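Chains U and Y, in that order, are what the protein sequence lines are.
Residues in the first sequence are numbered from 1 upward in steps of one, following UniProt numbering.
Residues in the second sequence are numbered from 1 upward in steps of one, following UniProt numbering.
Don't be surprised by glycine CBs; every beta carbon is placed ideally from N, CA and C.
No experiment lies behind these values; they were computed from the predicted model shown.
Here's the structure we're looking at; comments come further down.
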Amino acid sequence: MTVEVLLPGVLADLAGGSRRLEVDPADPTLAGLLDALAARHPVLERRIRDEAGALRRFVNVYVDGDDVRFAAGLGTAVPAGAVVQVLPSVAGG
Amino acid sequence: MADLLAIGTRKGLWLARSDDDRRSWTLDGPHLLAQEVAAVGLDVRGSAPRLLAGVQYGHWGPTVTWSDDLGATWSETDEGAIRFPADTGAALARVWQLRPDAAGRSGLVWAGCEPHSLWRSEDGGRSFTLVRGLWDHPHRPSWAPGGGGGAVHTVLPHPTGERLVVAMSTGGVYLSEDGGGSWQPRNKGIGAVFLPDPAPEYGQCVHKVAVDAGDPDRLYAQNHFGVYRTDDAGGAWTSIADGLPADFGFPVVASPTTPGTAWVVPLVADAQRVPPDGRLRVHRTRDAGATWTELGAGLPDATWTAVLRDAVCVDEADPTGVYVGTRDGCVYASADEGESFTLVADHLPDVLCVRAARLP
Numbered sequence: 001m002t003v004e005v006l007l008p009g010v011l012a013d014l015a016g017g018s019r020r021l022e023v024d025p026a027d028p029t030l031a032g033l034l035d036a037l038a039a040r041h042p043v044l045e046r047r048i049r050d051e052a053g054a055l056r057r058f059v060n061v062y063v064d065g066d067d068v069r070f071a072a073g074l075g076t077a078v079p080a081g082a083v084v085q086v087l088p089s090v091a092g093g
Numbered sequence: 001m002a003d004l005l006a007i008g009t010r011k012g013l014w015l016a017r018s019d020d021d022r023r024s025w026t027l028d029g030p031h032l033l034a035q036e037v038a039a040v041g042l043d044v045r046g047s048a049p050r051l052l053a054g055v056q057y058g059h060w061g062p063t064v065t066w067s068d069d070l071g072a073t074w075s076e077t078d079e080g081a082i083r084f085p086a087d088t089g090a091a092l093a094r095v096w097q098l099r100p101d102a103a104g105r106s107g108l109v110w111a112g113c114e115p116h117s118l119w120r121s122e123d124g125g126r127s128f129t130l131v132r133g134l135w136d137h138p139h140r141p142s143w144a145p146g147g148g149g150g151a152v153h154t155v156l157p158h159p160t161g162e163r164l165v166v167a168m169s170t171g172g173v174y175l176s177e178d179g180g181g182s183w184q185p186r187n188k189g190i191g192a193v194f195l196p197d198p199a200p201e202y203g204q205c206v207h208k209v210a211v212d213a214g215d216p217d218r219l220y221a222q223n224h225f226g227v228y229r230t231d232d233a234g235g236a237w238t239s240i241a242d243g244l245p246a247d248f249g250f251p252v253v254a255s256p257t258t259p260g261t262a263w264v265v266p267l268v269a270d271a272q273r274v275p276p277d278g279r280l281r282v283h284r285t286r287d288a289g290a291t292w293t294e295l296g297a298g299l300p301d302a303t304w305t306a307v308l309r310d311a312v313c314v315d316e317a318d319p320t321g322v323y324v325g326t327r328d329g330c331v332y333a334s335a336d337e338g339e340s341f342t343l344v345a346d347h348l349p350d351v352l353c354v355r356a357a358r359l360p
């Protein structure tokens, strides 16, 4: 199965210059998707998830438009054809 | 011969360079724009100077990155230089300190981090290993975070032996005589006005510690209220605050060459973190804290900024250079041990840390 991952421009350099990736996770959850991403782009994955496995506080992830924090978090299902979007939250400066 | 001053700020890193024995400076930057640079290390032990930076990539987490070409390019490992082992359940929150060890220990670098942890690198800061002796210390669960977060913010390796001293906010001063395997609190005499017991064994909010040039057992501490000295590696601390306009502040630095010489930058109090009377001043002792001299030539009046714990440093030149960065983005340099300061930079973001080195 293939999942489309959309990245903000600030992370594109860590994904070979692309803001759009196609990923084929063995485990059809967000955690599985990030594991697959880590195998290809380890620094990119570290920007999204810390070493304890948690999504970083100010990183938001949407699966088909739904914020995973209001779904099952890292256990959120990521079915074939899903669009997973990574966005920085409203924070910073 | 050139002198390099690295300036870590809330929004990037700047580098100042002097080619005339620190009389004038040229500013270069920003590097790492929009990244918080809370810790910087200058490692001049190798064939080329290495810049180490503890950065917070905005929303995207902390790491250590390095540059071997004075900031032109930066590198980090795929795994991340500092990564808590899975069994700890912890995750790196911030890098507070990057400290190359002594000249004869090429490649050895220490990092102090949040949550309270000490890390050892043997490859020049590319990768670090958690110092388990401190992480597993039975006191650790009761080291509470200070206002800036709970961290090992000061790491002081002994110049020749296996001793390590760390300082934490909060937690206080701890010492290891075996390179980090075992640790003992070293806070006797340091106050803790924010605790029910004003003189606990540990738990103090020690803001910074510096080692005297002439005696590695002699340490100076700027505490969350109180300035102290010990002559027995923290066995007992005595107040050296008499003669200062306030005993609150964050940094303390000591000359690496002149025994008994140290500098502090007092602030009024924890609830009033501004210079006394709105005058930014450095205070220097030449006699290990018995007396203090106010130094202000080149420093501003009518200023209501503050100086953070790592925003003062010294260099290893003779006479000792003293560097002061402020939260309103100014950096001042003195090539004469604080007698006079020149403005190196202004209008930068909040200065979090400065480090100076003479390039080989």
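Where does residue i sit, in a helix, a strand or coil, going by DSSP?
i	result
residue 110 of chain Y	strand
residue 4 of chain U	strand
residue 31 of chain U	helix
residue 38 of chain U	helix
residue 185 of chain Y	strand
residue 361 of chain Y	Nothing can be reported for residue 361 of chain Y: it is not among the residues displayed for chain Y, which extend from 1 to 360.
residue 59 of chain Y	helix
residue 43 of chain Y	strand
residue 45 of chain U	helix
residue 334 of chain Y	strand
residue 9 of chain Y	strand
residue 53 of chain Y	strand
residue 87 of chain Y	helix
residue 78 of chain Y	coil
residue 105 of chain Y	coil
residue 100 of chain Y	strand
Could you please give me the residues that DSSP links to residue i through a beta bridge?
i	result
residue 172 of chain Y	Y:168
residue 249 of chain Y	Y:266
residue 222 of chain Y	Y:208 and Y:227
residue 3 of chain Y	Y:18 and Y:358
residue 35 of chain Y	DSSP output for residue 35 of chain Y lists no bridge partner at all.
residue 254 of chain Y	Y:262
I think residue i touches residue j, with their Cβ atoms under 8 Å apart; what is that distance to the nearest whole Å?
i	j	result
residue 225 of chain Y	residue 252 of chain Y	Their Cβ separation, rounded to whole angstroms, is 14 Å, which puts residue 225 of chain Y and residue 252 of chain Y out of contact at 8 Å.
residue 254 of chain Y	residue 211 of chain Y	6 Å
residue 27 of chain Y	residue 354 of chain Y	That pair is no contact at about 13 Å.
residue 74 of chain U	residue 31 of chain U	4 Å
residue 228 of chain Y	residue 189 of chain Y	7 Å
residue 59 of chain Y	residue 56 of chain U	7 Å
residue 201 of chain Y	residue 150 of chain Y	Rounded, the Cβ-Cβ distance is 18 Å, inconsistent with contact.
Thinking C-beta only, is residue j closer than 9 Å to residue i?
i	j	result
residue 134 of chain Y	residue 121 of chain Y	no
residue 125 of chain Y	residue 98 of chain Y	yes
residue 7 of chain Y	residue 359 of chain Y	no
residue 84 of chain Y	residue 51 of chain U	yes
residue 28 of chain U	residue 86 of chain U	no
residue 245 of chain Y	residue 161 of chain Y	no
residue 284 of chain Y	residue 293 of chain Y	yes
residue 276 of chain Y	residue 282 of chain Y	no
residue 42 of chain Y	residue 100 of chain Y	yes
residue 47 of chain U	residue 59 of chain U	yes
residue 165 of chain Y	residue 213 of chain Y	no
residue 36 of chain Y	residue 308 of chain Y	no
residue 74 of chain Y	residue 39 of chain Y	no
residue 48 of chain Y	residue 68 of chain Y	yes
residue 13 of chain Y	residue 71 of chain Y	yes
By alpha-carbon positions, which one of the options ends up nearest to residue i?
i	options	result
residue 326 of chain Y	Y:265, Y:147 and Y:74	Y:265
residue 25 of chain U	U:18, U:79, U:43 and U:62	U:79
residue 342 of chain Y	Y:209, Y:321, Y:357 and Y:144	Y:321
residue 147 of chain Y	Y:127, Y:271 and Y:30	Y:271
residue 13 of chain U	U:3, U:44, U:49 and U:55	U:44
residue 257 of chain Y	Y:238, Y:218, Y:300 and Y:315	Y:315
residue 32 of chain Y	Y:23, Y:63, Y:18 and Y:17	Y:63
residue 338 of chain Y	Y:38, Y:329, Y:324 and Y:180	Y:324
residue 179 of chain Y	Y:159, Y:19 and Y:196	Y:159
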